[in-house]
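The structure appears right after this line, and notes come after that.
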Ligand SMILES: Cc1cc2nc3c(=O)[nH]c(=O)nc-3n(C[C@H](O)[C@H](O)[C@H](O)COP(=O)(O)OP(=O)(O)OC[C@H]3O[C@@H](n4cnc5c(N)ncnc54)[C@H](O)[C@@H]3O)c2cc1C
Ligand SMILES: Cc1cc2nc3c(=O)[nH]c(=O)nc-3n(C[C@H](O)[C@H](O)[C@H](O)COP(=O)(O)OP(=O)(O)OC[C@H]3O[C@@H](n4cnc5c(N)ncnc54)[C@H](O)[C@@H]3O)c2cc1C
Ligand SMILES: Cc1cc2nc3c(=O)[nH]c(=O)nc-3n(C[C@H](O)[C@H](O)[C@H](O)COP(=O)(O)O)c2cc1C
Ligand SMILES: Cc1cc2nc3c(=O)[nH]c(=O)nc-3n(C[C@H](O)[C@H](O)[C@H](O)COP(=O)(O)O)c2cc1C
Ligand code: FES
Ligand code: FES
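Protein chains in written order, with our numbering: chain R, 66 to 376; chain G, 66 to 376; chain P, 18 to 291; chain L, 18 to 291.
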């Protein structure tokens, strides 16, 4: 019997294919297409302390093999979210990873306190790729010190139960350095990678296409960047579990991230092109793993790092 | 009459479409397809002090809308290069931008001295996206201090004539910070962007596809990153001319980089798909500029930054 | 997968018919389809949305679904170039439909360019409910007026405007609307077309106190409500302005609830704006 | 742009013929073509290389160029799926050609899989020069032996090997080579196929003192010599090993000059290695 189970920190999952934060709505929208319990986990869109309108439109631009988005974390705020979305997901029997985002270290602390006693959550994904209003809008995940501060705030307030998955941006000089820092600050696992900062200029209007000017690049275009980041971090921190993401659109792609060192894989942009992409990817991945002779997912994690045989 | 002329530092060019370093061989190979004088300039592959075999193969992997390469700066070394390639290019009447790369600050200094008296060169492109053997293989362009040191070494040794174009990598937390540093160190213009660090794992062999494991991502996939980098740097340093590059495959794409702030545009990967891409792009760009009512290229440079009109 | 059973050029557009089986019976006027473009190794990762022009439920023979496509950029041009027999990846029906009155009232259908497409199916439904249906179609030029013969026959009056005067009245649809609304004592306007046109129609509807339902067109990444790219500010019944998804809370929305001309800015007072 | 005038499945392969006009007359056995794949909005940015199987210069009627394609990944599969009438973006001829002896010597042509394709054109040229031509083709299984009837007729002897024994002798081409070389007193071997096979053939050629020209197959990004991705280590006449481009210094190279089995490492002593 093939063993598809995986874990991130102390949390266990039936299979390694998750939705990506911000790419699965509240879960309800996808539940029309398949049963959410088929997923390793639903990762919710990053939730903030208060309700947010998000950025003005246009919020997206298609790019070669990818897209830019600047949603700006539109959402109802943590209280309404807990009241409505979480309870609905729990009722479906879905495994839930809650993604949180803050504008200040204090925000992260408060969010963690609000979540510590909530039932039915498997893990917290801490999105630190957001602008820090206390520090000239600099993104938390871009500097070791601010990345550390955000994760520490969550660690101190979450209690001992819920695993913390720190989500990092690839837009840094050394992602390994940031990874080491957040692990030292108490992250149990890492989510790699968030979108890559990009811009599209509309050559008709001759202005940035997005109202927010820059946006996050996602989709297959960035997969080589994701694989590189996962490989580098797994090489440096082989004992820290990684939730990989970035341009995964097939079982082959998920397998690639797993070989690089991911213990689970989130699917984002591919869902926009195909609402049932996650299910297709899960099935294709299992087929690939079995075809390559693996008895379990775990054996394949980081397999591309093996030293035996000729290089 | 439409004015297609442009300049980078003190160097003037008939038109803004250049080849990209490392993507046009020695010039001879492309000369079979068109006359090199049709180009704004030929940018040579980065030349080092001594002959280099480059990296082992495989050296490339195709990726969605892009490719990875790890050529490892294969080349004959500066002396043979000056003797053969430069004199040949000069005989063709081509405008020449020589790209140099070093493994140490001293290398850059020596290369600059060897080039200062060479006739027929329009500018130097200084590729500082190479590993610094004196600093644990850290890439020069990744740290302000090493980026500055390399450019200073060139500045001190080149004499007053030849404009220095510092070529930066996007793989940094703040490309504006590095840009400011190299301009302070004496760069006259900037080349943005070099490839993005990536990796592909071959899911058959279950190992990194490239012998060098990681490689540089180029092609349309990275265009949004290039546009963002150019836009950010032009916003911060509006008076510093930019040679833009990254995924340009059409006149529309070149126009996009110009609107973002590039005064000239290099074409790399597109030439691999189409040997005459540079010529096609040049013609399409001119058509686009005229269709948008520009009388000269210069008016379009950075036009996406304009403040008038509704945003 | 839906097979193309017909693909014909009509003026500036392509009228494309797909064999879609069962799902044709769920399609209502106003709904749209989302089609993957570019083929197997496409660099275009997002689907393109097209308003459903008509849908025929043909039981065991399988249903048909029709759209009208303007070749614009790479995605729509690719689609118009596909031949009969080619199978596309198509999701449908998506989004909200035009609200159908229970009373036999007087409706004015206003379409801009290919925006006329969903109005013909709507017109039939309205006629079946005993409504009087007048129609105004506008475009920049004659080639961009989409008004097939049988569609024309289904309405009580059809007025056409073109900006260059190549057919019908020279001008914009909004030039003729006030007159028609008054003459025919219109109760409700249904519209579909470019956002600028919808906004102008909405102004007239508001001024003349006519109900206005419009099908908006925002850039959509997913079409199914999961990405939040397609939002527009809409005032709810509670008076609160929220950024709602035009793919699932639309494309058909109440014109008077939309905060128009809000591209590139979040309207003041929107819920969650800061 | 070259129009597909025929596309037929032959065993595991597709035999595709293009109308290429004038350029057919420049094609020599060993040369290759580079074809853009995936269509207008393809996510595949690089061309695919295919050995020229045959080329016909037909004067004013325009020339024909033929290739044999194994559907492998996305690019080759796309190509095999294109229909007659479709126009592909094709550059040809590229690369070096097999060296043709001036004397009527005895040649052995060895092909692996689709590697047999360029050998048939070569065989004709050699026959016209008065050479005796023997041929050995090998593959994993019968379906992967490409040996059309008229091709077979052009050689003095044809030996086939398959690893699974579905046709010909069970085994590899290298199992039968020494015998054939000795029996037929072979002067020169021309080979085309997977790198592993070429290496094994080269060992035999070296051991038996036979000249060996082989067409190598390295991943190529540009095919025209500008990218340096396709290199392999080759010892020059001066004894120096250099990383040479297989697209312009190859694909046909002297087997004895290649430093074999050097994937993933630069051979020691290579010019510029450090
Ligand atoms: C609800 C809805 C209904 C539509 N109905 C029709 C229809 O019936 N007939 C028709 O021809 N077109 C219709 N469109 C527009 C269509 O979806 C495509 O956007 C348009 O064909 C341009 O796509 P492209 O690939 O050719 O252009 P590109 O410019 O290459 O598209 C790039 C991206 O921008 C988006 N985009 C470009 N133009 C528009 C636009 N006008 N509206 C929304 N997104 C845009 C595309 O969807 C794509 O993601 C509709 C759009 C929506 C949202
Ligand atoms: C000189 C030369 C001659 C060739 N002749 C033929 C021929 O006659 N018939 C034929 O079927 N194929 C031939 N090939 C291989 C062909 O070019 C393609 O590489 C192969 O069809 C796989 O492409 P793909 O897109 O299907 O696979 P993918 O795996 O999707 O290709 C991805 C990338 O890897 C490269 N790649 C994959 N496999 C190979 C390979 N075996 N050799 C080189 N590059 C590879 C591709 O070119 C592409 O850049 C030749 C290659 C070379 C270099
Ligand atoms: C529309 C959109 C919204 C996103 N929202 C969030 C978010 O709220 N929080 C977050 O951590 N990441 C967010 N992301 C990033 C994704 O979770 C993911 O890291 C990234 O898109 C790369 O994966 P992909 O290529 O599979 O999409 C968003 C991405 C997209 C495209
Ligand atoms: C095969 C290859 C070789 C390259 N060699 C060099 C080089 O020697 N020096 C350099 O500065 N950049 C080099 N580059 C980077 C290009 O000059 C260019 O910055 C990058 O590829 C982005 O442009 P593109 O997307 O148009 O290719 C190379 C790129 C490729 C693909
Ligand atoms: S298009 Fe994705 S939410 Fe509407
Ligand atoms: S394929 Fe580019 S140099 Fe040979």
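All residues carry an ideal CB built from backbone N, CA and C; glycine is no exception.
Remember, it's a predicted structure, so these values are computed and weren't measured experimentally.
Below 7 Å CB to CB, which residues in the same chain sit around residue 288/P once its five sequence neighbours on both sides are set aside?
Counted from its first residue, the third chain places residue 288/P at position 271. Within the same chain, residue 288/P has close Cβ partners 257, 258 and 259.
Which residues in the same chain have their Cβ closer than 6 Å to the Cβ of residue 208/L, if we skip the five residues on either side of it in sequence?
Working through the fourth chain from its first residue, we reach residue 208/L at position 191. Correct list, in chain order: 127, 215, 218 and 231.
Name, in chain order, the residues that DSSP records as bridge partners for residue 269/P.
Numbered from its first residue, the third chain carries residue 269/P at position 252. Looking at the DSSP assignment, residue 269/P forms a beta bridge with 232/P.
In the DSSP assignment, find the alpha helix (DSSP H) that holds residue 89/P and state where it starts and stops.
As a working note, residue 89/P is residue 72 in the third chain. Run containing residue 89/P: none; DSSP gives neither H nor E here.
Grab me the residues of residue 231/R's own chain with a C-beta within less than 6 Å of its C-beta, minus the 5 sequence neighbours each way, in chain order.
Taking the first residue of the first chain as 1, we reach residue 231/R at position 166. Around residue 231/R: 191, 216, 247, 252 and 255.
Is the beta carbon of residue 312/R sitting closer than 9 Å to the one on residue 131/R?
Locating residue 312/R in the first chain gives position 247, where the first residue counts as 1. Locating residue 131/R in the first chain gives position 66, where the first residue counts as 1. Their beta carbons are under 9 Å apart, which means residue 312/R touches residue 131/R by this criterion.
Determine, for residue 69/G, whether the minimum Cβ-Cβ distance to residues of chain L falls below 9 Å.
Translated into positions along the second chain, residue 69/G becomes position 4. No, residue 69/G does not count as interfacial toward chain L.
Is residue 253/P buried or exposed, if buried means 16 or more other CB atoms sit within 10 Å of its CB?
To locate residue 253/P, count along the third chain from 1; it is residue 236. Exposed, since its Cβ has fewer than 16 Cβ neighbours within 10 Å.
Tell me the rounded alpha-carbon separation between residue 272/L and residue 106/R.
Here residue 272/L corresponds to residue number 255 of the fourth chain, with the count starting at 1. Here residue 106/R corresponds to residue number 41 of the first chain, with the count starting at 1. Looking at the two C-alpha atoms, the distance is approximately 55 Å.
I want to check one thing, is the minimum distance from the CB of residue 163/P to the heavy atoms of ligand 2 below 8 Å?
Taking the first residue of the third chain as position 1, residue 163/P is located at position 146. No - ligand 2 has no heavy atom lying nearer than 8 Å to the Cβ of residue 163/P.
Looking at the C-beta of residue 376/R, does it have a partner C-beta in chain G at a distance below 9 Å?
Numbered from 1 along the first chain, position 311 holds the residue referred to as residue 376/R. In this predicted model, residue 376/R has a pLDDT of only 44, less than 50, meaning its place in the structure is not dependable; the value taken from the coordinates is given anyway. Chain G contact via Cβ: present.
Compute every distance between the C-beta of residue 174/L and the non-hydrogen atoms of ligand 4, then say whether any falls below 8 Å.
Here residue 174/L is taken as the residue at index 157 of the fourth chain, counted from 1. No.
Count Cβ pairs between the segment 207-226 of chain G and the segment 157-177 of chain G that sit closer than 8 Å; are there 3 or more?
These segments touch.
Could you check if residue 189/L is buried or exposed, using at least 16 other CB atoms within 10 Å of its CB as the buried criterion?
Counted from its first residue, the fourth chain places residue 189/L at position 172. Buried, since its Cβ has 16 or more Cβ neighbours within 10 Å.
Who are the near neighbours of residue 68/G in its chain, counting only those whose CB is closer than 8 Å to its CB and skipping five residues on each side?
In the second chain, counting from the first residue as 1, residue 68/G sits at position 3. So the list reads 360, 361, 362 and 363, once near-sequence residues are dropped.
Where residue 92/G and residue 102/G are concerned, what is the direct C-alpha to C-alpha distance, given to the nearest angstrom?
The residue you call residue 92/G lines up with position 27 of the second chain. The residue you call residue 102/G lines up with position 37 of the second chain. Whole-angstrom Cα-Cα distance: 11 Å.
Name, going along the chain, the residues of the segment 259-282 of chain G whose beta-carbon falls closer than 8 Å to a beta-carbon of chain L.
Residues passing the 8 Å Cβ filter: 276.
For the alpha helix (DSSP H) containing residue 25/L, list its first residue and its last residue.
Taking the first residue of the fourth chain as position 1, residue 25/L is located at position 8. Note, residue 25/L: premise wrong, no alpha helix (DSSP H); beta strand (DSSP E) at 19-27.
Give every residue of the same chain whose Cβ lies closer than 7 Å to the Cβ of residue 198/G, excluding the five residues on either side of it in the sequence, and list them in chain order.
Within the second chain, numbered from 1, the residue matching residue 198/G stands at position 133. 168 and 169, listed in sequence order.
In whole angstroms, what is the alpha-carbon distance linking residue 99/R and residue 342/R?
Mapped onto the first chain, residue 99/R falls at position 34. Mapped onto the first chain, residue 342/R falls at position 277. Cα to Cα, the separation comes out at about 10 Å.
Which of the three DSSP states is assigned to residue 244/L in this structure?
Residue numbering aside, residue 244/L sits at position 227 when the fourth chain is read from its first letter. If DSSP states are grouped into helix, strand and coil, residue 244/L belongs with coil.
Is the Cβ-Cβ distance between residue 331/G and residue 108/G less than 9 Å?
Taking the first residue of the second chain as 1, we reach residue 331/G at position 266. Taking the first residue of the second chain as 1, we reach residue 108/G at position 43. Yes, the Cβ-Cβ distance between residue 331/G and residue 108/G is below 9 Å.
List, from N- to C-terminal side, the alpha helix (DSSP H) runs of 4 residues or more that fit wholly inside the segment 130-165 of chain P.
The qualifying runs are 134-145.
Would residue 321/G count as contacting chain R if we go by Cβ distances under 9 Å?
Against the second chain, residue 321/G aligns to sequence position 256. So yes, residue 321/G belongs to the interface.
Report the neighbours of residue 281/L on chain G: residues whose CB is nearer than 7 Å to its CB, in chain order.
Along the fourth chain, read from residue 1 onward, the residue named residue 281/L stands at position 264. Ordered by position in chain G, the residues that pass the 7 Å Cβ test against residue 281/L are 121 and 276.
Exposed or buried, which one is residue 33/L when buried takes at least 16 other CB atoms within 10 Å?
Position 16 of the fourth chain, counted from the start, is the residue given in the question as residue 33/L. Buried is the call here.
Name the one or two DSSP bridge partners that residue 261/G has.
Numbered from its first residue, the second chain carries residue 261/G at position 196. DSSP lists 282/G as partners of residue 261/G.
Tell me the residue span of the beta strand (DSSP E) that contains residue 36/L.
As a first step, residue 36/L must be located in the fourth chain, where it is residue number 19. Looking at the DSSP string, the run of the beta strand (DSSP E) that includes residue 36/L is 30-36.
Comparing the CB of residue 245/P with every heavy atom of ligand 5, is any distance shorter than 8 Å?
The count along the third chain starts at 1 and reaches residue 245/P at position 228. Yes, Cβ of residue 245/P sits closer than 8 Å to a heavy atom of ligand 5.
Would the C-beta of residue 94/P count as close to ligand 1, meaning under 8 Å from any of its heavy atoms?
Your numbering for residue 94/P matches position 77 in the third chain. Residue 94/P: yes, Cβ under 8 Å from ligand 1.
Does the Cβ of residue 18/L lie closer than 8 Å to at least one heavy atom of ligand 1?
On the fourth chain, position 1 is the one that residue 18/L refers to. No, the beta carbon of residue 18/L sits no closer than 8 Å to any heavy atom of ligand 1.
Would you kindly work out how many angstroms separate the C-alpha atoms of residue 27/L and residue 115/G, rounded to a whole number?
On the fourth chain, position 10 is the one that residue 27/L refers to. On the second chain, position 50 is the one that residue 115/G refers to. Each residue's Cα considered, the two are about 51 Å apart.
Could you name the residues of the segment 50-67 of chain L whose beta carbon sits closer than 8 Å to any beta carbon of chain P, in the order they occur along the chain?
So the close ones are 54, 55, 56, 57, 58, 59, 60 and 61.
With respect to 8 Å, is the separation between the Cβ of residue 346/G and the closest non-hydrogen atom of ligand 3 below this value?
Position 281 of the second chain holds residue 346/G. Checking every heavy atom of ligand 3 against the Cβ of residue 346/G, none is found closer than 8 Å.
Helix, strand or coil, according to DSSP, for residue 347/G in the structure here?
Counting from 1 along the second chain, the entry for residue 347/G is found at position 282. If DSSP states are grouped into helix, strand and coil, residue 347/G belongs with the helices.
Is residue 265/R near ligand 3, judged by its Cβ being under 8 Å from some heavy atom?
By one-based count along the first chain, residue 265/R stands at place 200. Incorrect: residue 265/R has no Cβ contact closer than 8 Å to ligand 3.
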